[in-house]
Amino acid sequence: DSLRGQDPGPQPLELKEVFRLFQMQYNRSYPNPAEYARRLDIFAQNLAKAQRLQEEDLGTAEFGVTQFSDLTEEEFVQLYGSQVAGEALGVSRKVGSEEWGES
Amino acid sequence: EPQTCDWRKVGTISPVRDQRNCNCCWAMAAAGNIEALWAIKFRHFVEVSVQQLLDCDRCGNGCRGGFVWDAFLTVLNNSGLASEKDYPFNGSGKTHRCLAKKYKKVAWIQDFIILQACEQSMARHLATEGPITVTINMTLLQQYQKGVIKATPTTCDPTQVDHSVLLVGFGKTKLVEGRQGKAASFGSHARPRRSMAYWILKNSWGPQWGEEGYFRLHRGSNTCGITKFPVTARVDKPKKQHQVSCPP
């Protein structure tokens, strides 16, 4: 569920339960206990980040657990962004773009 | 420019796709743009091949990222796209294995245009011509569940865009002041006092993500850099415009 209006963050045992539900919902499994522990830690950080985004958002958005909650931000952008490896879309349009008009 | 616009309501937007572990949001946004424009302009409903865009892309990056304008160049170079059914998406990019010649083309474009970086003219084009691809900063989307995201340049840098999606509509939601003085959706059964304009965007992370595969961004504050690269294909022949003559 979304974090808007909930208690600040679950307790450790609760965290494991929330993570277990996440694994069931998104069919996640991890090859060894070390990877499980690492993903649980990332999951906890993402929950905390979601809470912060909730507080910062000026609109009606709700942030919480998604299918990407066990990924670091770097992994998320690398896997799902459109940046070509090594290139960024930082191309600037500022030079003379106003004259371009429609096409 | 109407107050609200939602191309989904007339069935012109194809189903939400899932890019899985392939960096091909740029190809899915371009494909969604072409599908929507063919449905709007010609009432011809077709799903086009994203895999052809990946395989035949001139940059040869396949599933490692790309740009919407390169997808449109690929369509122009290939003289059109095969159908999704004939040339299905397999989530891997075998670069330089272009099978375009093997299949019949089901959709093509005349050219593509980069629109002015202005939310008002984008809204006008969206309402009068059809959906537009945009490229935004995706950082807030990892934890997004629903509602209208209204970010600041600090929480979502509008100059660092890295995810291409399809703009399919815009609208306004009534707001009431929430308990913490923040915006809240109308559901709080209290007297509405403000409204918030938003964009409706089609993502490519499957229908289970966000609002059934879609999400909403605040309209009017260039949230997450939505005005940086508004690009759209053109599928109908340009209308004859009145000739102008330069003064002697």
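For the protein sequence lines, the chains are D and X, in the order given.
With the working numbering, you'll find the first sequence wraps up at 84, consecutive numbering, no jumps.
With the working numbering, you'll find the second sequence wraps up at 336, consecutive numbering, no jumps.
Note that beta-carbon positions come from the ideal geometry of N, C-alpha and C, so glycine has one too.
Every value quoted in this text rests on a predicted model; they were computed, and no experiment measured them.
For this session: Any chance you could list the beta strand (DSSP E) runs of at least 3 consecutive residues sitting entirely within the stretch 194 to 226 of chain X, in chain order?
Result: 199 to 202 and 220 to 224
Exercise. Once you ignore the five residues that flank residue 282 (chain X) on each side, which residues in its own chain have a CB closer than 6 Å to its CB?
Worked result: 263
Problem set entry | Check whether residue 104 (chain X) and residue 295 (chain X) have beta carbons under 8 Å apart | yes
Problem set entry | Closer than 8 Å to chain D by CB, residue 302 (chain X) | no
Problem set entry | Cβ-Cβ distance between residue 198 (chain X) and residue 324 (chain X) below 8 Å | yes
Exercise. If we cut at 8 Å on Cβ distances, does residue 10 (chain D) have a partner in chain X?
Worked result: no
Exercise. According to the neighbour-count rule (16 or more other Cβ atoms, all chains shown, within 10 Å of its Cβ), is residue 20 (chain D) buried or exposed?
Worked result: buried
Exercise. Roughly how many whole angstroms lie between the Cα atoms of residue 228 (chain X) and residue 34 (chain D)?
Worked result: 8 Å
For this session: Flag this pair as yes or no: are the beta carbons of residue 202 (chain X) and residue 319 (chain X) separated by less than 8 Å?
Result: yes
Exercise. In the DSSP assignment, what are the bridge partners of residue 314 (chain X)?
Worked result: For residue 314 (chain X), which the question treats as bridged, DSSP gives no partner whatsoever.
Problem set entry | Residues bridged to residue 297 (chain X) (per DSSP) | Paired residue(s): none; residue 297 (chain X) is not in a bridge.
For this session: Using a Cβ-Cβ cut-off of less than 7 Å, give me the residues of the stretch 27 to 47 of chain D that come near chain X, in sequence order.
Result: 27, 30, 31, 34, 37, 38, 39, 40, 41, 42, 43, 44, 45 and 47
Exercise. In three-state DSSP terms, what is residue 269 (chain X)?
Worked result: Here residue 269 (chain X) scores only 44 on pLDDT, less than 50, and its place in the model is too uncertain to base an answer on.
Problem set entry | Sheet register partners of residue 179 (chain X) (DSSP bridge) | According to DSSP, which records beta bridges pairwise, residue 179 (chain X) is partnered with nothing at all.
Exercise. With distances taken from CA atoms, which of X:164, X:191, X:237 and X:220 is nearest residue 124 (chain X)?
Worked result: X:220
For this session: Give the interface partners of residue 61 (chain D) over in chain X, defined as CB-CB distance under 8 Å, in chain order.
Result: 107, 111, 113, 226, 251 and 293
Exercise. Are any of the Cβ atoms in chain D nearer than 8 Å to that of residue 276 (chain X)?
Worked result: With a pLDDT of 42 at residue 276 (chain X), under the threshold of 50, the modelled position of that residue is not reliable, and the figure given next carries that caveat. With 8 Å as the cut-off, residue 276 (chain X) does not count as an interface residue toward chain D.
Problem set entry | residue 204 (chain X) Cβ short of 7 Å to the ligand ATP heavy atom set | Of the ligands one can find in the structure shown there are none, so the ligand ATP has no counterpart to examine.
Problem set entry | Chain-order list of residues whose beta-carbon lies under 8 Å from that of residue 308 (chain X) (same chain, five-residue window excluded) | 207 and 285
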